[in-house]
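A.B. asks: Those protein sequence lines, which keep their order, are chains A and B.
Counting from 1, one number per residue, gives the positions in the first sequence under UniProt numbering.
Counting from 1, one number per residue, gives the positions in the second sequence under UniProt numbering.
Glycine included, every Cβ here is placed at the ideal spot set by N, Cα and C.
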Amino acid sequence: MDINVLAFLVPAGITACFLPLSDASSFVILYIVTSVYFSGVMVRLMLVLAPAACILSGIALSEAFDVFTGSIKFQLPGISRNSQIDVRDTSSAGVVTQDDGVKTDKNEESLKERPSKKNKKKERENAEKALIKPPLEKRLLVLPLEASVISLLLLVLLGAFYVVHCVWAAAEAYSAPSIVLTSHTNNGLHVFDDFREAYAWLSHNTEVDDKVASWWDYGYQTTAMANRTVIVDNNTWNNTHIATVGTAMSSPEKAAWEIFHSLDVKYVLVVFGGLVGYPSDDINKFLWMVRIGGGVFPHIKEPDYLRDGQYRIDSQATPTMLNCLMYKLCYYRFVETDGQGFDRVRKTEIGKKHFKLTHFEEVFTTHHWMVRLYKLKPPKNRIRGKTKKSKTKASSTTGSKGSGKRNPWQ
Amino acid sequence: MREIRLDLLLLSLALLFAPAFSDLLLSKVDRRIDLTSHVVRITSTLKVENAGTDPVSEVLLAFPDTQAKNIAYLTASTIEGKGKTKSSSVSLPIQVVHPDGMPPSLTWHSVSLLKGLSKGESLTLDVLAVFTHTLRPFPEKITQAEIQRVAFQESAYYLSPYVVKVQSLTVKHSGQFESYTKLENSRASGSEIKYGPYENLPSFSFSPIVIHLVNNQPFAVAQELVREIEISHWGNVQVTEHYNLIHGGAHITGEFSRLDYQARPHVRGASAFRNLVAKLPPRAHSIYYRDEIGNISTSNLWGDSTKKLLEIEPRYPMFGGWRTSFTIGYGLPLQDFLFQSRGIRFLNITFGCPINEVVIENLIVKVVLPEGSRDISVSVPFAVKQWEETKISHLDMVGRPVVVLEKTNVVPEHNQHFQVNYKFNNLSLLREPLMLISGFFLLFVACVIYVHSDLTISKSSTAYLAKLQWDEVQATVQQVLNIINRCLTIHGKLEASLRDLSRTGDVQACKSARKSADSSLKELSKELRPVLILLQSSSQAVQILPKVEELVAKERELQEKLMLKHSTVVDCYEKKSGGREVENRVASIQQKITALRQEVDDLLEIIDEI
Numbered sequence: 001m002d003i004n005v006l007a008f009l010v011p012a013g014i015t016a017c018f019l020p021l022s023d024a025s026s027f028v029i030l031y032i033v034t035s036v037y038f039s040g041v042m043v044r045l046m047l048v049l050a051p052a053a054c055i056l057s058g059i060a061l062s063e064a065f066d067v068f069t070g071s072i073k074f075q076l077p078g079i080s081r082n083s084q085i086d087v088r089d090t091s092s093a094g095v096v097t098q099d100d101g102v103k104t105d106k107n108e109e110s111l112k113e114r115p116s117k118k119n120k121k122k123e124r125e126n127a128e129k130a131l132i133k134p135p136l137e138k139r140l141l142v143l144p145l146e147a148s149v150i151s152l153l154l155l156v157l158l159g160a161f162y163v164v165h166c167v168w169a170a171a172e173a174y175s176a177p178s179i180v181l182t183s184h185t186n187n188g189l190h191v192f193d194d195f196r197e198a199y200a201w202l203s204h205n206t207e208v209d210d211k212v213a214s215w216w217d218y219g220y221q222t223t224a225m226a227n228r229t230v231i232v233d234n235n236t237w238n239n240t241h242i243a244t245v246g247t248a249m250s251s252p253e254k255a256a257w258e259i260f261h262s263l264d265v266k267y268v269l270v271v272f273g274g275l276v277g278y279p280s281d282d283i284n285k286f287l288w289m290v291r292i293g294g295g296v297f298p299h300i301k302e303p304d305y306l307r308d309g310q311y312r313i314d315s316q317a318t319p320t321m322l323n324c325l326m327y328k329l330c331y332y333r334f335v336e337t338d339g340q341g342f343d344r345v346r347k348t349e350i351g352k353k354h355f356k357l358t359h360f361e362e363v364f365t366t367h368h369w370m371v372r373l374y375k376l377k378p379p380k381n382r383i384r385g386k387t388k389k390s391k392t393k394a395s396s397t398t399g400s401k402g403s404g405k406r407n408p409w410q
Numbered sequence: 001m002r003e004i005r006l007d008l009l010l011l012s013l014a015l016l017f018a019p020a021f022s023d024l025l026l027s028k029v030d031r032r033i034d035l036t037s038h039v040v041r042i043t044s045t046l047k048v049e050n051a052g053t054d055p056v057s058e059v060l061l062a063f064p065d066t067q068a069k070n071i072a073y074l075t076a077s078t079i080e081g082k083g084k085t086k087s088s089s090v091s092l093p094i095q096v097v098h099p100d101g102m103p104p105s106l107t108w109h110s111v112s113l114l115k116g117l118s119k120g121e122s123l124t125l126d127v128l129a130v131f132t133h134t135l136r137p138f139p140e141k142i143t144q145a146e147i148q149r150v151a152f153q154e155s156a157y158y159l160s161p162y163v164v165k166v167q168s169l170t171v172k173h174s175g176q177f178e179s180y181t182k183l184e185n186s187r188a189s190g191s192e193i194k195y196g197p198y199e200n201l202p203s204f205s206f207s208p209i210v211i212h213l214v215n216n217q218p219f220a221v222a223q224e225l226v227r228e229i230e231i232s233h234w235g236n237v238q239v240t241e242h243y244n245l246i247h248g249g250a251h252i253t254g255e256f257s258r259l260d261y262q263a264r265p266h267v268r269g270a271s272a273f274r275n276l277v278a279k280l281p282p283r284a285h286s287i288y289y290r291d292e293i294g295n296i297s298t299s300n301l302w303g304d305s306t307k308k309l310l311e312i313e314p315r316y317p318m319f320g321g322w323r324t325s326f327t328i329g330y331g332l333p334l335q336d337f338l339f340q341s342r343g344i345r346f347l348n349i350t351f352g353c354p355i356n357e358v359v360i361e362n363l364i365v366k367v368v369l370p371e372g373s374r375d376i377s378v379s380v381p382f383a384v385k386q387w388e389e390t391k392i393s394h395l396d397m398v399g400r401p402v403v404v405l406e407k408t409n410v411v412p413e414h415n416q417h418f419q420v421n422y423k424f425n426n427l428s429l430l431r432e433p434l435m436l437i438s439g440f441f442l443l444f445v446a447c448v449i450y451v452h453s454d455l456t457i458s459k460s461s462t463a464y465l466a467k468l469q470w471d472e473v474q475a476t477v478q479q480v481l482n483i484i485n486r487c488l489t490i491h492g493k494l495e496a497s498l499r500d501l502s503r504t505g506d507v508q509a510c511k512s513a514r515k516s517a518d519s520s521l522k523e524l525s526k527e528l529r530p531v532l533i534l535l536q537s538s539s540q541a542v543q544i545l546p547k548v549e550e551l552v553a554k555e556r557e558l559q560e561k562l563m564l565k566h567s568t569v570v571d572c573y574e575k576k577s578g579g580r581e582v583e584n585r586v587a588s589i590q591q592k593i594t595a596l597r598q599e600v601d602d603l604l605e606i607i608d609e610i
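(1) Using a beta-carbon distance below 9 Å, is L259 (chain B) in contact with chain A?
(2) Note down, in chain order, each residue of its chain lying with its Cβ closer than 7 Å to the Cβ of K592 (chain B), except the 5 sequence neighbours on either side.
(3) Under 9 Å, Cβ to Cβ, is there at least one residue of chain B near residue 442 (chain A)?
(4) In whole angstroms, what separates the C-alpha of Q598 (chain B) from that of C510 (chain B)?
(5) Using 9 Å as the threshold, is the C-beta distance between Y267 (chain A) and M370 (chain A) below it?
(6) Can you look up F63 (chain B) in the DSSP assignment and give me helix, strand or coil?
(7) Using 8 Å as the threshold, is the stretch 227-234 of chain B in touch with the stretch 153-172 of chain B, meaning 3 or more CB pairs across them?
(8) Strictly below 7 Å CB to CB, what residues from chain B border M225 (chain A)?
(9) Could you tell me which of B:V445, B:F339, B:K522, B:G352 sits nearest to N421 (chain B), measuring between CA atoms?
(10) Leaving aside the five residues before and after Y195 (chain B) along the sequence, list all residues of the same chain whose C-beta is less than 6 Å from its C-beta, in chain order.
(11) On a Cα-Cα basis, can you pick out the residue from B:N50, B:V96, B:A62, B:P99 that is closest to K115 (chain B)?
(12) Just the C-alpha distance for F424 (chain B) and K407 (chain B), rounded to the nearest angstrom, thanks.
(13) Might you give, ordered along the chain, the residues of its own chain that have their beta carbon closer than 6 Å to the beta carbon of I246 (chain B), omitting 5 neighbours on each side?
(14) In terms of alpha-carbon separation, which member of A:I242, A:G246, A:Y218, A:T34 lies closest to I300 (chain A)?
(15) Under 9 Å, do T182 (chain A) and A173 (chain A) count as touching if we go by C-beta distance?
(16) Answer with yes or no whether the minimum CB distance from W257 (chain A) to chain B is below 9 Å.
(17) Assuming the contact rule is C-beta atoms closer than 8 Å, F346 (chain B) and Q419 (chain B) should be a hit. Round their C-beta distance to whole Å, please.
(18) Does H367 (chain A) come within less than 9 Å of chain B when only Cβ atoms are used?
(19) Return no unless some Cβ of chain A is closer than 9 Å to the Cβ of I607 (chain B).
(20) Let me make sure I understand the geometry here. Which of A:I55, A:V232, A:L202 has the alpha-carbon closest to that of A16 (chain A)?
(21) At what residues does the alpha helix (DSSP H) containing A263 (chain B) begin and finish?
(22) Checking contacts by CB at 9 Å: is H204 (chain A) closer than that to chain B?
(23) Could I get the ranges of all uninterrupted beta strand (DSSP E) runs contained in the stretch 256-313 of chain B, with 3 residues as the minimum, in chain order?
(24) Using a Cβ-based criterion (distance less than 8 Å to any ligand heavy atom), does V531 (chain B) qualify as near the ligand ADP?
(25) Distance cutoff 9 Å, beta carbons only. Does W322 (chain B) sit that close to anything in chain A?
(26) State the DSSP-derived secondary structure class of W108 (chain B), mapped to helix, strand or coil.
(27) Kindly confirm or deny that the stretch 264-273 of chain B and the stretch 313-327 of chain B touch, where touching means at least three C-beta pairs closer than 8 Å.
(28) Hey, quick one: how far does the beta strand (DSSP E) through Q153 (chain B) stretch, first residue to last?
(29) Give the residues from the stretch 142-160 of chain B that approach chain A closer than 8 Å (Cβ to any Cβ), ordered along the chain.
(30) Can you tell me whether DSSP reads P135 (chain A) as helix, strand or coil?
(31) Going straight from the alpha carbon of residue 652 (chain B) to that of S538 (chain B), what length do you get?
(32) To the nearest whole angstrom, what separates the beta carbons of I32 (chain A) and V10 (chain A), a pair I think is in contact under 8 Å?
(33) How many angstroms separate the CA atom of T327 (chain B) from the CA atom of G321 (chain B)?
(34) Does chain B have any CB closer than 9 Å to the CB of D2 (chain A)?
(35) Examine chain B for any beta-carbon lying closer than 9 Å to the beta-carbon of T247 (chain A), and answer yes or no.
Put into structure tokens, the structure is as follows:
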């Protein structure tokens, strides 16, 4: 979709590169083949594919233009005797412009571009040599005049439509700021300004020293707009710290509370797109949190969160998944919005619908439910009947230190 | 609650032992307390009668200290004319006074009457007192689901140093209340609570009552509002307002559930407010609404010829204790607000905040006058603190004078017009454009001077001399090229004459052309000689000289060959030999000619490039 017409011009360009196969054209062929492979592995590497595709399409279009314009020139009245010489000239000029075409993207430029003085001299030399040497025979493809004219016009139209597509792609796909989302409805433009709403709320209604824990994608935004300290941000230089946050998001409520409390966190921020259909939310990124957390803390195991190798959050999800903090914070009271709890991104109903939070309380949710903020509840003053048990637990755990697969926060 | 009751009890005890005061008598007092908004407005209609002998020119109003520090606005007015022919109401000046012999912890305001009230006369006085922060949220913290209740304390009897014959009190509220202090003659009906009428109460009578009612009006309190009004004599008054808003009602505790708020906003979050409406002058333009992070898109604007209404929604709904801050800016046309009379210009603009029902705890109004304004004076209808500053802005040299007015406890009643007078010389208007014009002018003059000036430090240094010589060499080379080009044109003419010959067969014309070409070529070679000598003598031309000499030599060769060809062709035509013979004889010469031509062209190019 992004490369539009280039999808069928690239194979044409590859075949054009083989006739003749020089150093330059073999380089281009290798470039396109390797970039196609890597773009297939990770779609962001289409950035590498783009120049190669453009070059090859330029070559293909240039060859096509050569054939059509040659046919037209051959059939124009008045040129009979010199037509052969002209043909040779145009073929040599074609070689020259093909080299130019390799360098420039749009072949129309190469045709309209006046050959430089050096090319003129080469042509004159060629013409002079032609007088001396016996003329070379070259097979020429000549198409009917009307067909070539129409094809030329169609090729120009193709180029024009490609320009329109490129402008549209740059305007819509590459210029969208990811902080304010818009959608076109019947009543015009609908603006989703939830991120800035949440950051403004954090900035005005929390204390200056409060720390906010979220996934690292929102670190810089929180620091800049909400002016609050975060635990991990986009710098991602401390993998263990990110793994700690990931473990906290993947653990049940109490364990997560312990982790966050040890980090002196006051607020937890999660991004949830299930109500409006925003696909880049934390539930979609959750598997990465599990993987990164499990890479450092072995008690988090990825298969615990997958059912039959599939990542799900509906009624078939594993109990570990349905009890983890991320699930609970995202879907807290979500079922009350429509009665069934239908998640518009995952396109299923959620598994656990009615539950209460014991260690967190909701302090703010934005207008479209895209950002949800929770506060850590302070620890209870009295823990009934647990003090003796914790002492024995401590002695038992110190005894069994050698097991290795222990949760460091318990 | 209990402490305040104790305080009022002490006050009432103190007042019991206070003496009666002066000869004025209040024959009828009607008080209406409006509790529908978070700003409390008490309107008292007093019928003052002079029961004594001397004329009295002032009426004293008493307020308990606790209440007096919350007074935001106090006016008194009389209605001229009696009965049904009521004409305009005149507002009377009020000052704070400290009379002697009065009970403690009371604040006194004195209303000065226009003409003294003589014996037996009576007068109707309308007193409007506006209080802020007197509705205390009670309970102070509520959850999202609860409604907001406030407590209001007042005295059922009118506190006055004069004897009151008949008085009554009406309290208007939004419709729901929890409780009120029940005294004799008190009843609640609909949305009003009535106390009275009470008759013949002594002076300083005081009976504290507490009304606990429900008030869900938006408690918008701006903790700080900075209004900057910038005057530009080019036609625009720019107003920028920075708000720090807080919801002044009961603080919200516990969870905030967006679901509850969106599903049933009037049940869950009844006291929260969503939007504020600002009333702007009708020709306001370029209105923007933004905060620190960026533009806020949730706003609406509509208006007609008398006003423009701007409805703004903060980024999130305001619950009790939540803050937000934003900036509103708009531009106004100058002719609506700046006037001139007798050489003095004055700005007539509103003082307070354009948003409805906002209490401002600290209001700072800055009026930025254009640079060069003198004799600045301000007239505001109420007391403000003022001082002057300077602001340095676009194209300023000394800075613009800024008049800063500060007032605390501002209510919508303060939104009256105030004037800033200043003097400004009409010619000073031209200062800015002249500054720009002269700046650019000097820049261009400097460029002109720099290009044309000779900035060489030493006129006898070798580099300078070498440069001069090189310039000379270039000029001479240009001359040589010029001459060569002229030679080439003559060659072209010769060739043309040959072609003419082949077409027309006119030998005589060809011969005459040849002769003229010969003569001009000779002239040109004569011209060339001194130029060449000059070149040879110059030392800078060492590199270019061989090429030039080669060029000249080649050109001469070409000349010779051309002449040879020309003569052969003419001979052939005279002998009337065929075309093929001509071709044969000329062929070799022609080859050489083309080769030489090519070389000459190359050399010309090379010399051009140097």
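C.D. replies: In short, the structure shows the following:
(1) Yes - at least one Cβ of chain A is within 9 Å of the one on L259 (chain B).
(2) K561
(3) Given that chain A is displayed from residue 1 to residue 410, the structure contains no residue 442 (chain A) and the question cannot be resolved.
(4) Going by C-alpha positions, Q598 (chain B) is about 26 Å away from C510 (chain B).
(5) no
(6) strand
(7) With the cut-off at 8 Å, the stretch 227-234 of chain B and the stretch 153-172 of chain B do not touch.
(8) I293
(9) B:F339
(10) A156, L169, S186
(11) B:N50
(12) 28 Å
(13) Within the same chain, I246 (chain B) has close Cβ partners V221, Q223, R323.
(14) When the alpha-carbon of I300 (chain A) is set against those of A:I242, A:G246, A:Y218, A:T34, the nearest one is in A:G246.
(15) no
(16) no
(17) 5 Å
(18) yes
(19) no
(20) Comparing Cα-Cα distances from A16 (chain A) to each of A:I55, A:V232, A:L202, the minimum goes to A:I55.
(21) 258-263
(22) yes
(23) 276-280, 285-290, 299-303, 308-312
(24) As presented, the structure is devoid of all ligands, the ligand ADP included, so that no description of it is given.
(25) yes
(26) Here W108 (chain B) carries a strand assignment [DSSP, helix/strand/coil].
(27) A contact exists between the stretch 264-273 of chain B and the stretch 313-327 of chain B.
(28) 149-155
(29) none
(30) For P135 (chain A), the predicted structure reports a pLDDT of 40, less than 50, and the residue's modelled location is therefore unreliable. A value from the coordinates is still provided. P135 (chain A) carries a coil assignment under DSSP once its states are collapsed to helix, strand and coil.
(31) Nothing can be reported for residue 652 (chain B): it is not among the residues displayed for chain B, which extend from 1 to 610.
(32) 7 Å
(33) 20 Å
(34) no
(35) No, T247 (chain A) does not count as interfacial toward chain B.
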